[in-house]
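So the protein sequences, as listed, match chains A and B. For the first sequence, the residue numbers in our numbering are 447 to 783. For the second sequence, the residue numbers in our numbering are 20 to 284. Beta carbons: idealized from backbone N, C-alpha and C, even for Gly. Structure first, then comments.
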Amino acid sequence: MEYENVWILGEQNNDEIDVVSFELLKRGRELADKLNVDLIALMPGYGLESEQLEELIHYGADKVISVDHKMLSDFLVDPHINVVTSLVNKYKPEIVIASATTTGRSVAPAVAINCHAGLTADCTGLDIDDETGNLIQTRPAIGGNILATIKTPNHRPQMATVRPHSNQPLTPDNNRTGEIIREKVEGELLKTRIKQVDFKPIDEEGGNIQDAEIVVAGGKGCSKEENFEMIEKLAELLDGAVGASREAVDLGWISYPHQVGLSGKTVSPKLYVAAGISGAVQHLAGIKTAENIVTINNDPEAQIFSVADFSIQADMFQILPLLIEKLEKRKQSKAQN
Amino acid sequence: MKLIVPIKQVPETSNVKMDPETGTMVRSGVEQIINPLDLYAIEAAIRLKEKFGGEIITLTMGPPSADKALREAIAMGCDRGILLSHKDFAGADTWSTSYVLAKAIEKIGDYDVIFCGERATDGDTGQVGPGIASWLKIPFLTYVSGIDQTNQETMTVERNVEAGYQILKIQKPCLFTVVKEINFPRLPTLKGKKKARDIEIPTWTPQNIDVDPENLGLNGSPTRVVKISKPKVSREGEKLMPESDQEIEDSVGKLIEYFEKLEII
Ligand SMILES: Cc1cc2nc3c(=O)[nH]c(=O)nc-3n(C[C@H](O)[C@H](O)[C@H](O)COP(=O)(O)OP(=O)(O)OC[C@H]3O[C@@H](n4cnc5c(N)ncnc54)[C@H](O)[C@@H]3O)c2cc1C
Ligand SMILES: Nc1ncnc2c1ncn2[C@@H]1O[C@H](COP(=O)(O)O)[C@@H](O)[C@H]1O
Chain A
447 MEYENVWILG EQNNDEIDVV SFELLKRGRE LADKLNVDLI ALMPGYGLES
497 EQLEELIHYG ADKVISVDHK MLSDFLVDPH INVVTSLVNK YKPEIVIASA
547 TTTGRSVAPA VAINCHAGLT ADCTGLDIDD ETGNLIQTRP AIGGNILATI
597 KTPNHRPQMA TVRPHSNQPL TPDNNRTGEI IREKVEGELL KTRIKQVDFK
647 PIDEEGGNIQ DAEIVVAGGK GCSKEENFEM IEKLAELLDG AVGASREAVD
697 LGWISYPHQV GLSGKTVSPK LYVAAGISGA VQHLAGIKTA ENIVTINNDP
747 EAQIFSVADF SIQADMFQIL PLLIEKLEKR KQSKAQN
Chain B
20 MKLIVPIKQV PETSNVKMDP ETGTMVRSGV EQIINPLDLY AIEAAIRLKE
70 KFGGEIITLT MGPPSADKAL REAIAMGCDR GILLSHKDFA GADTWSTSYV
120 LAKAIEKIGD YDVIFCGERA TDGDTGQVGP GIASWLKIPF LTYVSGIDQT
170 NQETMTVERN VEAGYQILKI QKPCLFTVVK EINFPRLPTL KGKKKARDIE
220 IPTWTPQNID VDPENLGLNG SPTRVVKISK PKVSREGEKL MPESDQEIED
270 SVGKLIEYFE KLEII
């Protein structure tokens, strides 16, 4: 059988389909249209309703392959990998794209080994070569210093992971229809050598920077721990999460899960605000896919200016308190109206 | 316990110089170091050994000079090192790299736990760890941020995911890729440095491990880098340089307008 069609690997989060699935559908739709093939969403999970699966079609899929089993409710690595491997072997997709989430980054490399497929991590661009129909994958490497273009000429499927939140989903079209295929899985495929004993959600304020639409980050320029509260305050006013440079984390002003950059997290928010951050290449590596970057820094030479969409070159201790005051006033007057 | 730590030697990238003409990295004069994130894997293995005894073997696939990385790992506390080096290994992608490392680990045999770094700072894929485990058909966990318990047959660990921490029990033998949160790597000791200087590090070639030559190096790699380019960094955004109080006030006003334009407030 020939390898055909574009697949995206959907993810479930509690009782919902994770938004990364819809983001992938947009990328997948572009590729499938260029190749003139079907876009198929593979959706392993548990307890999703038909209406929820149909959303995948509204967001761009032609077909959905749903695998529903209790063993797929928590992410236990083994069953997910086995199920995806077996369905890739059965249906032979030409392209498989997954999100570069902690789940996608675990499943995709294992499936690539099992299926003898090439896998490109953390792509920022995907396209089709007009001549050969091969997948063209672009990704940053060496701490964001270069962009590499990668192809998988002789192996199928061609696999890639894509940064979560590096693009918006399509506007859903509720009139789109498509087929939902239900695949039964059993026995060996569902065996696991890993068990979840507990789950501790991050509940601290300004928690999850990777899922946030807005991230307000502070660096060494805050100069002491008390001043970092300004960053937290601004994040709160903008309904965003709190990020930090490595310096700020190393100085103990905030915990490691908030670190943005090469050895921290990659974020792709709609807005990234960097205050008192110089913009070292390792920090920039984590924010390259942010849609809009605002920076406040008093050093005319700071690197961060070169990547920012809106900059204020000034003392952050003059800017931030004023900004916070104005935003608070705005909120109050809005609440009154 | 027999613990294995695959490490990678990478260029020190804190101030990488790029050749503006070719878009490639200027390698001359760039120091080669242990992938910084691998130090956490080494430390995790040392801590486990301190508790349960045993042996730590570190291995790397790379040029002959990568032997320096192994010696640094030994200076920190690994017991011995193995260098996988041969022209046939060169140009390997993550598929082929994890194949060779898995074959070498199979030859070492009888291992309990393999610790990898979360990702290498040069290639930056994080695929080699899960790849090794898949070749070896052992269970693995990525993003491990803590080790709670270790028994004869199982380990209980913490895994840092987007929404929080999974606490998971995994059967041994197993592989972990660890994140920075897991520990604080120690510095080499004097005694360790002396041992590292004197120790003999064997070099394994395809002849030493049971590999299929078809799977090696560039030829055995499904992916191909076809182009390297310079990312466009400049966004050419608007920049205000307020000085007087009035100018400061105005710039904050402009910033608020910018937020409004983005429809975030
Ligand atoms: C292997 C490796 C991995 C790394 N990973 C990461 C990573 O993941 N994330 C990360 O962030 N870094 C990382 N780094 C560190 C990185 O190289 C920088 O050291 C770090 O990003 C600098 O943090 P900073 O911008 O807060 O501090 P600094 O570089 O000290 O910058 C502080 C900035 O604040 C400005 N400032 C000071 N006072 C004021 C004021 N009153 N008002 C306005 N501006 C002010 C200064 O002009 C300066 O630009 C890594 C380094 C290495 C070698
Ligand atoms: N050539 C190599 N030799 C030994 N270990 C490696 C090699 N490449 C990668 N690794 C291991 O795999 C991890 C992830 O690397 P990567 O998938 O390249 O980002 C590293 O932190 C190392 O632990």
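Listing by chain order, which chain B residues have their CB less than 7 angstroms from the CB of Pro647 of chain A? Counted from its first residue, the first sequence places residue 647 of chain A at position 201. When 7 angstroms is used as the limit between beta carbons, Pro647 of chain A is near these residues of chain B: Ala182 and Gly183, in chain order.
Check the C-beta distance from Val608 of chain A over to Leu470 of chain A and give it rounded, since I have them as a contact under 8 angstroms. Counting from one through the first sequence, the residue named residue 608 of chain A turns up at place 162. Counting from one through the first sequence, the residue named residue 470 of chain A turns up at place 24. Correct: roughly 6 angstroms between the Cβ atoms.
Identify whether Gln778 of chain A lies in helix, strand or coil by the three-state DSSP scheme. Position 332 of the first sequence, counting from 1, holds the residue named residue 778 of chain A. For Gln778 of chain A, the three-state secondary structure derived from DSSP is helix.
7 angstroms is my cut-off, CB to CB: does Leu768 of chain A come that close to chain B? On the first sequence, position 322 is the one that residue 768 of chain A refers to. For Leu768 of chain A, the answer is yes, since a Cβ of chain B falls inside 7 angstroms of its Cβ.
Measure how close the beta-carbons of Val24 of chain B and Cys97 of chain B come, nearest whole angstrom, since I'm counting them as under 8 angstroms. One-based indexing of the second sequence puts residue 24 of chain B at position 5. One-based indexing of the second sequence puts residue 97 of chain B at position 78. The pair is a contact, with the Cβ atoms about 7 angstroms apart (cut-off 8 angstroms).
Report yes or no: do three or more beta-carbon pairs, one from the segment 524 to 544 of chain A and one from the segment 699 to 709 of chain A, lie closer than 8 angstroms? These segments do not touch.
What residue from A:Pro555, A:Glu672 and A:Val643 has the CA that sits closest to Leu455 of chain A's CA? Here residue 455 of chain A refers to the residue found at position 9 of the first sequence. Of the listed residues, the one whose Cα sits closest to Leu455 of chain A is A:Pro555.
Please list, in chain order, all residues of the same chain as Pro207 of chain B whose beta carbon is under 6 angstroms from its beta carbon, the five residues on each side excluded. Within the second sequence, numbered from 1, the residue matching residue 207 of chain B stands at position 188. Beyond the five residues adjoining it in sequence on each side, Pro207 of chain B comes within less than 6 angstroms, by CB distance, of Ala94 and Met95 in the same chain, given in chain order.
Which residues in the same chain as Tyr505 of chain A place their Cβ atom closer than 7 angstroms to its Cβ, once the five residues preceding and following it in sequence are excluded? If you number the first sequence from 1, residue 505 of chain A lands on position 59. Answer for Tyr505 of chain A: Phe468, Leu471, Pro615, Leu616 and Pro618, listed in chain order.
Tell me, please, whether the CB atom of Ile93 of chain B is closer than 7 angstroms to any CB atom in chain A? Here residue 93 of chain B corresponds to residue number 74 of the second sequence, with the count starting at 1. It does not; no Cβ of chain A falls within 7 angstroms.
With DSSP as the reference, label Met676 of chain A as helix, strand or coil. What you label residue 676 of chain A is simply residue 230 of the first sequence in a count that begins at 1. Met676 of chain A sits in a helix when the DSSP states are folded into three classes.
Thinking C-alpha only, which one of A:His515, A:Leu680 and A:Glu501 is nearest Asn621 of chain A? The residue you call residue 621 of chain A lines up with position 175 of the first sequence. Nearest C-alpha to Asn621 of chain A: A:Glu501.
Roughly how many angstroms separate the alpha carbons of Glu774 of chain A and Val661 of chain A, rounded to a whole number? Position 328 of the first sequence, counted from the first residue, corresponds to residue 774 of chain A. Position 215 of the first sequence, counted from the first residue, corresponds to residue 661 of chain A. Cα to Cα, the separation comes out at about 18 angstroms.
Curious, which full-length alpha helix (DSSP H) runs of at least 4 residues does the segment 195 to 259 of chain B contain? Complete alpha helix (DSSP H) runs here, min 4: 209 to 217.
Using C-beta distances below 8 angstroms, list every residue in its chain close to Asn744 of chain A, excluding the 5 sequence neighbours before and after it, in chain order. In the first sequence, the residue the question calls residue 744 of chain A occupies position 298. Around Asn744 of chain A: Gly667, Gln759, Ala760, Asp761 and Met762.
Give me every residue whose Cβ sits closer than 5 angstroms to any heavy atom of ligand 1, in chain order. Per the Cβ criterion, the list is A:Gly665, A:Lys666, A:Gly667, A:Ser691, A:Arg692, A:Glu693, A:Gly707, A:Leu708, A:Ser709, A:Gly710, A:Gly722, A:Ile723, A:Ser724, A:Ala726, A:Gln728, A:His729, A:Asn743, A:Asn744, A:Asp745, A:Ala748, A:Asp761, A:Met762, B:Ser33 and B:Pro55.
Using a Cβ-Cβ distance cut-off of 7 angstroms, determine whether Ser552 of chain A contacts chain B. Residue numbering aside, residue 552 of chain A sits at position 106 when the first sequence is read from its first letter. With its beta carbon less than 7 angstroms from one in chain B, Ser552 of chain A belongs to the interface.
Thr224 of chain B and His105 of chain B - do their beta-carbons sit closer together than 7 angstroms? For the purposes of this step, residue 105 of chain B is identified with residue 86 of the second sequence, where counting begins at 1. For the purposes of this step, residue 224 of chain B is identified with residue 205 of the second sequence, where counting begins at 1. By the CB criterion at 7 angstroms, His105 of chain B and Thr224 of chain B fall inside the cutoff.
Along chain B, in chain order, which residues have C-beta atoms closer than 7 angstroms to that of Thr548 of chain A? Residue mapping note: residue 548 of chain A aligns to position 102 of the first sequence, counting from 1. Here the neighbours are Thr161, Tyr162, Val180 and Glu181.
Say whether chain B places a C-beta atom closer than 7 angstroms to the C-beta of Ile782 of chain A. Start at 1 with the first residue of the first sequence, and residue 782 of chain A comes out as number 336. Before going on, a small fix: residue 782 of chain A reads as Gln here, not Ile. It does not: the Cβ of Gln782 of chain A has no partner Cβ on chain B nearer than 7 angstroms.
Confirm the yes/no value for this check: CB of Lys156 of chain B, any heavy atom of ligand 2, distance under 6 angstroms. The residue given as residue 156 of chain B occupies position 137 in the second sequence. Checking every heavy atom of ligand 2 against the Cβ of Lys156 of chain B, none is found closer than 6 angstroms.
Step through the CB atoms of chain A and report whether any lies within less than 7 angstroms of the CB of Ile283 of chain B. Within the second sequence, numbered from 1, the residue matching residue 283 of chain B stands at position 264. Output row for Ile283 of chain B: interface = yes.
Closer than 6 angstroms to a non-hydrogen atom of ligand 2 - does that hold for the CB of Thr242 of chain B? Translated into positions along the second sequence, residue 242 of chain B becomes position 223. No, Cβ of Thr242 of chain B sits at least 6 angstroms from all heavy atoms of ligand 2.
Listed in chain order, which residues of the segment 484 to 498 of chain A have Cβ atoms closer than 9 angstroms to some Cβ of chain B? Of all residues in the segment 484 to 498 of chain A, none has a Cβ within less than 9 angstroms of some Cβ in chain B.
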